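A.B. asks: Residue numbering for the sequence shown follows my numbering, starting at 15 and increasing by one per position.
Structure below; questions to follow.
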Amino acid sequence: MHEKLIDVIDKPAKEVPNEDDDNATKIYHKYLKECLTTKCIILTSMSSELQRKHQDMDPTAIIEHLKKMFGIQSRTARYQLSKVYLDLLQSLSESFSQFVINFNMHKMDCDIHEIINMLIDYENQLASEKKKGTVMLVGNSSKKKGKGKNKPKKKPTAPKGGVTKLKDKRGKADQSDAECFH
């Protein structure tokens, strides 16, 4: 159905046929009905002020008039929007250079809110990469300690130094330097 309505706008208006040709008259009446449906759809999508201005026009005339009215404004709005995008992208720090290159290469068509959301996502991604980079750096500089499962077992050793008892010739320990704690 909508394709027929678009055809009413895109194709030139049909001329009124002779009264003698019944087939052409039927086609013309069908065209008028489609024009009325198209006009109603267009008018319902407008504000009440624009509806009053366009209520006596046919659909193609309405579209042409709207293009004249808003064509200059839309070009100006697009220019101002592209200027805002450019200012936004130029104000970013050097860490966003990859984002700017990607945005310009793909010529992304999105509104300012989508760009801000994409920048926030990219900033979060940069922050997580910095955290991962720091962890990796710390991990590389320190030795990993195992849980002891694969360590080779050492033989138990006796304590070195410590208290030794010296025996004199008779087999008794030398008590001359000993202190009594009683």
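Glycine residues also receive a C-beta, built at the ideal position from the N, C-alpha and C atoms.
All figures in this text were calculated on a predicted structure; none of them were measured in a lab.
1. Can you tell me which of the three DSSP states Ser155 falls into?
2. Would you mind stating whether Ala27 and Asp72 have Cβ atoms separated by less than 8 angstroms?
3. Is the beta carbon of Ile134 less than 8 angstroms from the beta carbon of Leu102?
4. Please confirm whether Lys45 and Val30 have their CB atoms less than 8 angstroms apart.
5. With a 10 Å radius around its C-beta and 16 neighbouring C-beta atoms as the bar for buried, classify Met150 as buried or exposed.
6. So Glu29 is in the alpha helix (DSSP H); what residue range does that whole segment cover?
7. My output table needs one value for Gln112: the three-state DSSP class, helix, strand or coil.
8. Measure the alpha-carbon distance for Asp123 versus Ser111 and round it to whole angstroms.
C.D. replies: Once the coordinates are examined:
1. Only weak support exists for where Ser155 lies, its pLDDT of 47 falling under 50; the value from the coordinates is given anyway. In this structure, Ser155 counts as helix in the three-state DSSP scheme.
2. Their beta carbons are under 8 angstroms apart, which means Ala27 touches Asp72 by this criterion.
3. Cβ atoms of Ile134 and Leu102: not closer than 8 angstroms.
4. Here residue 45 is Tyr; the residue named in the question, Lys, does not match the sequence. Between Tyr45 and Val30, the C-beta spacing is not below 8 angstroms.
5. Residue placement at Met150 cannot be trusted, given a pLDDT of 44 that sits under 50; what the coordinates show is reported in the next sentence. Met150 is exposed by the Cβ-count criterion.
6. It is not in any alpha helix (DSSP H) - Glu29 carries neither H nor E in the DSSP assignment.
7. In the structure shown, Gln112 sits in a helix (DSSP, three-state: H, G or I).
8. If I take the Cα positions, the gap works out to 19 angstroms.
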